[in-house]
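At position 98 of the sequence shown the residue is numbered 98 (full-length UniProt numbering), and the sequence of numbers has no breaks. One structure is given here, and the rest of the page talks about it.
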Amino acid sequence: MLAVVNGPVTMWRLTEQYLPKMPELKDYKYEYEAKDVNFDTYKYADKVREKQRMKKLAEEKAKRVKALDGAPPTSAKQKKATHGAWSEKTEAKERKEERRAKKERKREFLRNEKRKAEGKGGGEDEGDRDEEDEWTELQREERLAKKVRTRRMGKEEFEREIEVGSGDDGSDF
């Protein structure tokens with residue numbers, strides 16, 4: 001069993017958690033040796049595909065040589081890599097400052113909104129009152145509907161209460 005398990009474990013670098021809990025495997029130490037494989041030595045059987053592969057390899061090699069010739073880094077990622085570990089701290093500081101600035105802008109906005117609301121007499125306008133009235137009317141209708149469901153009120157009485165409570169005179173305006 002151990003010889004059968006050892007191959008896949010070292011090949012796929014599986015950990016002990018994937019193996020069954022057995023006393024035989026309890027103290028077994030898994031060894032892994034990374035093999036250095038050169039994929040450049042493998043070739044396509046198809047000549048056309050092999051030429052394409054060789055062309056691509058030559059381009060990649062030229063890019064690597066150009067990068068190693070001391071050319072300045074072009075991408076932002078390469079520039080960050082040259083700066084070192086402290087750049088991560090500066091980035092963290094910048095993010096922190098951005099969060100603080102955003103929070104301060106939000107506080108200022110809320111202060112201004114509060115001042116505007118106080119300046120207009122508490123901030124309530126006609127639209128807010130209409131919504132409140134609609135909400136209380138809806139709650140009242142729900143209570144009446146519940147009374148009908150529990151048979152504490154008849155349907156005719158429910159209809160009369162709805163008409164009286166809504167204040168409609170039958171017109172749409």
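Think of the CB as a built atom: it goes at the ideal place given N, C-alpha and C, for glycine as much as any other residue. Keep in mind that this is a model prediction, so the values were computed, not measured.
Setting aside the 5 residues that flank it on each side, ARG64 has no residue in the same chain whose C-beta is closer than 7 Å to its C-beta.
Counting along the chain, ARG53 sits inside the alpha helix (DSSP H) bounded by residues 47-68. For ASP40, same chain residues with a beta-carbon under 8 Å away, outside a window of 5 residues either side, are LEU57 in chain order. Note on geometry: alpha-carbon atoms of GLU161 and LEU110 lie some 43 Å from one another. A distance below 7 Å between beta-carbons, with the five flanking residues on each side excluded, links VAL148 to the following residues of its chain, in chain order: LYS155, PHE158. Using a Cβ distance threshold of 8 Å, GLU50 and LYS61 do not count as a contacting pair.
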